[in-house]
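Engineer:
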Amino acid sequence: MKLRELAHSRTGDKGNISNISLIAYDMKDYETIRKQVTSEKVKEWFSGIVHGEVIRYELPTIGALNFVMYNALSGGVTRSLSIDAHGKSLSSALLDMEIEVDYVPV
Amino acid sequence: MKKIRIGSGAGYGGDRIEPAIDIIEKGNLDYIIFECLAERTIAMAQLQKLRNPAKGYNEWLEYRFTKVLPACVDKKVKVITNMGAANPKAAAEKIYEIAINLNIPSLKIAVVTGDDVFYLIDQYMDLPLLETGEKLKNLKPSIISANAYIGAEGIVKALENGADIVITGRAADPALVLGPLMYEFKWNSSDYQMLGKGIMAGHLLECGCQVTGGYFADPGYKDVPEIWNLGYPIAEIEENGDITITKLDGTGGIVSPATVKEQIVYEIHDPANYKTPDVIADFSNVKVIEVEIDKVAIRDVSGKEKSGLYKTSIGYRDGFIAECEISYGGTGAYERAKLAGEIIEKRLSILNVPVEELRIDLIGVNSLYRESLSSKLDSHSHHSKDVRLRVAGRTILEEDAERICHDFDSLMTNGPAGGGGVRLHIRQVIAIGSILIPEDDIEVDVLYKEVQNDETQRISSF
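Top to bottom, those sequences are chains E and R. Throughout the first sequence, residue numbering follows the working numbering, covering 0 to 105 in sequence. Throughout the second sequence, residue numbering follows the working numbering, covering 5 to 466 in sequence.
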């Protein structure tokens with residue numbers, strides 16, 4: 000299924016760095032998400048867009064991950080030629096990633 | 005235990021005014037913040053100030069203060085805002101003028117200065133830009149501004165001296181909330197545990213309704229009641245740093261663990277090390293508890309000693325960007341839009357237009373995620389019957405940006421069949437880079453301007 004079924008997300012930016020959160024709707028899905036949505040997988044998913052490192056931070060007490068993606072905004076909000084210079088739409092693309100679960104969600 | 009109620013009346017420079025007035029009038033607030041600066045806003049404001057020394061503050065300031073001042077005075081709600089942008093002194097003069105015109109009987113306006121370090125710029129030339137590693141001296145002729153993110157110190161001082169309105173320039177966003185909390189609860193500037201909690205309160209409020217259901221809705225997944233009527237957030241903070249976020253009854257929007265979590269993680273990078281001028285806040289063990297509908301508690305936030313370095317935004321002129329668009333429809337729309345893009349690329353090469361960087365997007369096909377990710381998301385997008393070509397080019401000279409637009413415009417007669425809806429736009433680029441400067445370079449000062457009921461008793465310290 001799509002990650003969108005299990006989690007929500009918001010993108011922020013600082014300079015040329017994009018910061019995408021991934022938050023489980025239900026705490027019981029956090030571990031599934033944590034195991035599968037690795038920084039390597041996210042870097043691969045955004046490979047044509049993110050040209051630097053992807054670091055993943057964990058916030059287990061709220062069931063959230065935070066991906067910090069370097070060299071991700073075509074030089075940064077102020078000089079990017081992208082139509083979405085802030086990269087705000089990246090969160091929606093992350094939620095389109097596939098995730099495998101071993102149960103049928105309600 | 006003593007409790008303070010702080011509302012957020014703006015999460016960006018042009019935010020709505022009615023929900024702000026609503027929380028001032030009905031929110032039983034002690035303070036309201038208006039957070040109105042983004043990375044680039046301050047540099048744009050510096051440009052305005054260069055053109056007109058009486059300007060350079062938030063463009064909505066006059067409108068906003070005219071609307072909110074009577075309610076703030078009536079309800080005894082103090083205002084903390086960074087609407088001063090590049091010119092907090094001029095902003096204070098304007099607020100003073102508004103207060104006189106509105107016959108406000110008495111008002112003490114404080115101006116926090118010290119963020120503008122442009123006068124020190126020569127000593128930073130060998131510092132590297134955090135974004136690129138390039139030395140600042142390479143940009144020297146193009147630099148227009150240098151503003152450090154200052155902390156809560158000036159705000160605390162202003163409140164200690166009885167200010168009703170505190171206006172700052174580039175203060176760090178959460179400092180607008182940390183300041184009143186430090187003042188009210190007498191938190192020491194080295195009590196990092198408490199400062200970390202105060203930063204969390206500020207972080208939750210600084211984006212306005214992004215914590216009450218704004219920027220959240222995703223129909224069928226995250227539904228927001230009465231989203232057209234979002235209530236702005238109110239934080240109740242206790243002396244021990246416990247935070248509760250809520251909104252007014254009868255307003256639209258939602259305060260839930262999900263809305264609060266999205267705002268907690270928003271733009272923080274490392275949750276255990278959220279750097280601010282006052283403290284390195286630690287959100288890594290935070291708990292979020294739903295107390296009741298539209299009331300969420302936040303616990304277990306802490307903090308560590310600050311780095312002693314101040315992030316400073318350098319604004320510099322970085323050429324021009326031309327943006328041009330045209331639409332193609334029906335079967336073959338993708339192919340015709342793509343051909344039109346190829347025509348422009350070839351023309352710019354034949355005409356020898358010096359373009360620093362060129363980007364060609366097909367809106368509806370690959371404009372957000374480039375070809376690589378777009379094709380993973382939707383392999384059929386090339387069959388779209390509604391495709392808009394967008395060409396964006398960066399040039400050093402404005403005339404070269406104009407040449408891009410001119411040639412693009414001629415697609416109307418020289419391009420593929422059926423193109424329509426040409427839009428052309430050129431803007432000057434004010435780019436932002438960041439450096440870290442030592443704490444000792446910053447000298448925060450507070451100036452006051454006072455309105456008294458007898459106009460002959462006006463006191464002005466500047």
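Backbone N, C-alpha and C fix where the C-beta goes; we use that ideal spot for every residue, glycine too.
Going straight from the alpha carbon of R/P92 to that of E/L93, what length do you get?
Structural biologist: About 40 Å.
Engineer: Tell me which same chain residues have a C-beta within less than 6 Å of the C-beta of R/Q461, skipping the five on either side of it?
Structural biologist: For R/Q461, the predicted structure reports a pLDDT of 48, less than 50, and the residue's modelled location is therefore unreliable. The matter cannot be settled from this model.
Engineer: Chain R beta carbons: is any one of them nearer than 8 Å to that of E/D28?
Structural biologist: No, its Cβ sits nowhere closer than 8 Å to a Cβ of chain R.
Engineer: Please name the residue, chosen from E/V41, E/G51, E/L64, that lies closest to R/E135 on a Cα-to-Cα basis.
Structural biologist: When each option's Cα is compared against that of R/E135, the closest is E/G51.
Engineer: Please report the distance separating the alpha-carbon of E/G74 from that of R/I104.
Structural biologist: If you take the alpha carbons of E/G74 and R/I104, they lie about 46 Å apart.
Engineer: Suppose you measure from the CA of R/S12 to the CA of R/G202; what does that come to, to the nearest Å?
Structural biologist: One C-alpha to the other measures close to 14 Å.
Engineer: Going by C-alpha to C-alpha distance, which of E/M96, E/W44, E/I32, E/D28 sits closest to R/S376?
Structural biologist: Comparing Cα-Cα distances from R/S376 to each of E/M96, E/W44, E/I32, E/D28, the minimum goes to E/W44.
Engineer: Give me the chain E residues within the contact set of R/N142, using Cβ-Cβ distance strictly less than 8 Å, ordered along the chain.
Structural biologist: None at all; the shortest Cβ gap to chain E is about 15 Å.
Engineer: Pop quiz: E/L58 and E/I32 are said to be a contact at Cβ under 8 Å. What is the actual Cβ separation, rounded to whole angstroms?
Structural biologist: Their Cβ separation, rounded to whole angstroms, is 12 Å, which puts E/L58 and E/I32 out of contact at 8 Å.
Engineer: Runs of 3 residues minimum, wholly inside the stretch 227-288 of chain R: which ones carry the beta strand (DSSP E) assignment?
Structural biologist: Counting only runs of 3 or more, we get 238-242, 247-250, 284-286.
Engineer: Just to check my reading of the structure: R/S385 and R/V369 have Cβ atoms closer than 8 Å, yes? What is that Cβ distance to the nearest angstrom?
Structural biologist: Yes, they are in contact, since the Cβ atoms of R/S385 and R/V369 sit about 5 Å apart, within 8 Å.
Engineer: Alpha carbon to alpha carbon, how far is R/D222 from E/Y24? Give it in angstroms, no decimals.
Structural biologist: In a straight line, the C-alpha of E/Y24 is about 13 Å away from that of R/D222.
Engineer: Check the Cβ-Cβ distances between E/D95 and every residue of chain R, and say whether any is below 8 Å.
Structural biologist: Closer than 8 Å to some Cβ of chain R, the Cβ of E/D95 qualifies, so yes.
Engineer: Please name the residue, chosen from E/D95, E/I82, E/E97, that lies closest to R/R392 on a Cα-to-Cα basis.
Structural biologist: Comparing Cα-Cα distances from R/R392 to each of E/D95, E/I82, E/E97, the minimum goes to E/I82.
Engineer: Which term fits R/K6, buried or exposed, when burial requires 16 or more other beta carbons within 10 angstroms of its beta carbon?
Structural biologist: Exposed, by the Cβ-count rule.
Engineer: Return yes when the Cβ of R/A405 is within less than 8 Å of the Cβ of R/I325, no when it is not.
Structural biologist: Cβ distance < 8 Å, so R/I325 and R/A405 count as in contact.
Engineer: Check distances from the C-beta atoms of the stretch 10-34 of chain E to those of chain R and list, in chain order, the residues that come in under 8 Å.
Structural biologist: Those would be G11, D12, K13, G14, N15, I16, N18, S20, I22, Y24, in chain order.
Engineer: Can you tell me which of the three DSSP states R/V450 falls into?
Structural biologist: Strand, per DSSP.
Engineer: Indicate whether R/A152 and R/I400 have their beta-carbon atoms separated by less than 8 Å.
Structural biologist: For R/A152 and R/I400, no; Cβs fall outside 8 Å.
Engineer: Short of 7 Å in beta carbon distance, which residues of its chain neighbour R/F348, apart from the five on each side in sequence? Order them along the chain.
Structural biologist: Reading off the sequence shown, one finds Ile at residue 348 of chain R, where the question assumed Phe. Closer than 7 Å at Cβ, skipping near neighbours: V395, D411, F412.
Engineer: So, with DSSP's three-state summary, where would you put R/A175?
Structural biologist: Note: R/A175 maps to strand in three-state DSSP.
Engineer: Taking its Cβ as the centre, do 16 or more other Cβ atoms sit within 10 Å of R/T172, making it buried, or is it exposed?
Structural biologist: So R/T172 counts as buried.
Engineer: For E/I19, name the three-state secondary structure that DSSP assigns.
Structural biologist: Three-state result, E/I19: strand.
Engineer: If you follow the alpha helix (DSSP H) that R/Q52 is in, where does it begin and where does it stop?
Structural biologist: From DSSP, the alpha helix (DSSP H) with R/Q52 extends over 45-55.
Engineer: Identify the contact partners of E/I82 in chain R, using a Cβ-Cβ distance below 8 Å as the criterion.
Structural biologist: The contacting residues are D365, I367, S371, L372, R394, A396.
Engineer: Using a C-beta cutoff of 8 Å, does R/I436 count as contacting chain E?
Structural biologist: Yes, contact with chain E.
Engineer: Report the three-state DSSP secondary structure of E/H85 (helix, strand or coil).
Structural biologist: Coil.
Engineer: DSSP beta-bridge partners for E/Y56?
Structural biologist: DSSP lists E/N65 as partners of E/Y56.
Engineer: Going straight from the alpha carbon of E/A63 to that of R/A94, what length do you get?
Structural biologist: Rounded to whole angstroms, E/A63 to R/A94 spans 43 Å at the Cα level.
Engineer: Could you tell me the alpha carbon to alpha carbon distance between R/M129 and R/D274, rounded to whole angstroms?
Structural biologist: Straight-line Cα distance between these residues: approximately 29 Å.
Engineer: Could you tell me the distance, in whole angstroms, from the CA atom of R/L362 to the CA atom of R/P145?
Structural biologist: Rounded to the nearest angstrom, the two C-alpha atoms are 24 Å apart.
Engineer: Taking the alpha-carbon positions, what's the R/S260 to R/I21 distance?
Structural biologist: About 23 Å.
Engineer: Taking Cβ positions, are R/G155 and R/P281 nearer each other than 8 Å?
Structural biologist: Yes; because the gap between Cβ atoms is below 8 Å, this pair is in contact.
Engineer: According to DSSP, is R/F189 helix, strand or coil?
Structural biologist: Helix, per DSSP.
Engineer: Please name the residue, chosen from R/I330, R/S371, R/P420, R/V181, that lies closest to R/L343 on a Cα-to-Cα basis.
Structural biologist: Out of R/I330, R/S371, R/P420, R/V181, R/P420 has the C-alpha closest to the C-alpha of R/L343.
Engineer: Buried or exposed: R/N356, going by 16 or more other Cβ atoms within 10 Å of its Cβ?
Structural biologist: Exposed, since its Cβ has fewer than 16 Cβ neighbours within 10 Å.
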